[in-house]
Structure formats: C-alpha cells, structure tokens
Amino acid sequence: MRIPIVAGNWKMNKTVEEARSLAFELSRKLREIEGVEKVLCPPFPALLAVSALLQGTDIGLGAQNLHWEEKGAFTGEVAPNMVAEFCKYVIIGHSERRAYFGETDETVNKKVRAALVHDLTPIICVGESLDENESGRTGEVVRRQISLGLADVNPAKAAGLVIAYEPVWAIGTGRASSGENANAVLADHIRPALADLFGAETAQAIRIQYGGSVTGANAVEFFGQPEIDGALVGGASLKVDDFVAITQAAAK
Ligand code: PEP
C-alpha cells in the first residue's frame, strides 16, 4: 500500500521569522496526524530555522529546487549536498521553474539524478498547460515529461520517487481539476509511463500526488481517487487550518 504524502510548497513567501512561526503552528497540529507523510518546503533562507523546529517530529523538510552540479562557479545556485544537509525532500521541475527559469525535461533529469545520489526524495512536477489540455495533448505531454525527466534514473531507487501531477492551468488559479479527471491522467498516462521505464511493480509503488488549487474544502475529492497518493499544495499550505485539513483528508 502506498502511504500518502502531502507537501506544502511555500514558494517565495515568508521571511525566516515568519517561516518559524508558520512552521511552529503547523507542527503543533500536524504531528497528531498519522497515516500520511507530511512535508514542508520553505524558501532556502528559512530551511535552517525550520529544520531546527521540526527536530523530533515526524514532519519532513523539503527544498524547492537544487542544482545538479556538486560545487563550483554557479552563482546563486544551491548544490545537492547543501540541500541534503537540512532536507529529505526536494521539489524538482515545478511549472513555475519551467516557465520563468528555463527549466527543461533535460535539466529536470539532471536534478533528479543528482538528488538521488544524495538520497534526497525528489518530488517531480509534471503537467500540461491550458492550451495543451484544450488541444487534447495532456497524455502526450505528461508521458514526455516522465520519460525524459526520469531517463537513466537508477531503477533500484525509482520506487522512492514522488511525482506531482500539476496541470498548469490549475496552479494558483482556484480552478482545480476534478478528482476523476486527475485520476484518469494518472491511470492512463503517468503510471503507464513509469511502468515503461521501471516495470509495472515499481510503477505501482511510486507515489503520485495531485497539485493545483487543492484546499481544505476540495481535498477529499482527490484523496478518494485510487491513483492519487496525496497532494502538492501551494497557496493553501500557507494557511494553517487549510493545510491541516488537507493533511487530515489524505491520512489513511
Ligand atoms: C503549486 O504551486 O505546486 C500549487 C499546487 O499551487 P496551488 O496549490 O496554489 O495551486
């Protein structure tokens, strides 16, 4: 059985002090919820402070990005071993990074492989744009993102990957996919693409989240679907009650 995983992507929000206070409030309530893996992904400057706060809890810490090189002249970038000093998880290939920072399936692939070398759990984001969705290309797009993004990944580590299916048109728009539609993309395209790469058994073990305007109010719709193993949450992860309600809804 796949254990659901709910991760909060705080994006470029919260100073260190604000992050400390949000993480404190969240940890008080989240630590009581069992049967779900819980992850907070603050911005880089807050990782140290939040990691100290989460010590001794079962709440994991994730970064929102990393670079694939080990070290060197890459101004402004953060190396995988630096992320691994504080984090167990890392979000890779978020659609905002693909849209605004030129990330491609090839750079996603380098990042995924670098993360695995450092025993980080990558949360790899895939999803189609509105145009791709409306022109019936969802399956083709997510299959390409999976096959290129996860090419040459060590099969022995593949079962530990986490995929986030995030239709771009649903992110931050308040217009979530329906549970049924999201489940169909996972069942018809994402899990089969994972099976092509790693075999059916490993594909069954890989957790696939839904992301895109998940709230405390609509979370149940997604977690009732057989293929959906939790959520990657943006806006609602900054609201204590919402994020707690989402996490509770995901718990098995
Ligand atoms: C995200 O950024 O990964 C996301 C899903 O955002 P939101 O929940 O705000 O749509």
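Sequential numbering from 3 applies to the sequence shown in this note's numbering.
Glycine residues also receive a C-beta, built at the ideal position from the N, C-alpha and C atoms.
Please read these numbers as outputs of a predicted model, since none were measured by experiment.
Residues in its own chain within less than 7 Å of residue i by CB, not counting five upstream and five downstream?
i: G162; result: T123
i: D244; result: T217, G218, A238
Under DSSP, the beta strand (DSSP E) around residue i begins and ends at which residues?
i: G62; result: 61-65
i: N11; result: 7-11
i: T123; result: 123-128
i: G213; result: 209-213
i: A48; result: Careful: A48 lies outside any beta strand (DSSP E) and carries neither H nor E.
i: G162; result: Taken as a continuous stretch (DSSP letters only), G162 belongs to no beta strand (DSSP E), as it is neither H nor E.
i: G232; result: 232-235
i: V155; result: First-last for V155: undefined, no H or E at that position.
i: I248; result: Looking at the DSSP string, I248 is not in any beta strand (DSSP E); the run it does join, the alpha helix (DSSP H), is 242-252.
In angstroms with no decimal places, state the Cα-to-Cα distance between residue i and residue j.
i: D231; j: A184; result: 12 Å
i: L68; j: V85; result: 7 Å
i: L234; j: F200; result: 23 Å
i: A153; j: V41; result: 26 Å
i: G58; j: K73; result: 30 Å
i: V220; j: V52; result: Note that residue 220 corresponds to Asn in the displayed sequence, not to Val. Cα to Cα, N220 sits roughly 28 Å from V52.
i: Y212; j: A117; result: 21 Å
i: L188; j: E142; result: 13 Å
i: D133; j: A166; result: 20 Å
i: D60; j: G138; result: 41 Å
i: I192; j: R145; result: 6 Å
Can you list, in chain order, the residues of its chain with a C-beta nearer than 8 Å to that of residue i? Leave out the 5 residues immediately preceding and following it.
i: K254; result: M3, I5, P6, G37, V38
i: M14; result: P45
i: V242; result: L24, E27, L28, K31
Can you tell me where the alpha helix (DSSP H) with residue i in it begins and where it stops?
i: T140; result: 140-151
i: E39; result: Element bounds for E39: not the alpha helix (DSSP H) but the beta strand (DSSP E), 39-43.
i: L196; result: 193-200
Once you ignore the five residues that flank residue i on each side, which residues in its own chain have a CB closer than 6 Å to its CB?
i: A207; result: A161
Give a yes or no on whether the C-beta atoms belonging to residue i and residue j are separated by under 8 Å.
i: I148; j: I125; result: no
i: A172; j: A178; result: yes
i: C89; j: A54; result: no
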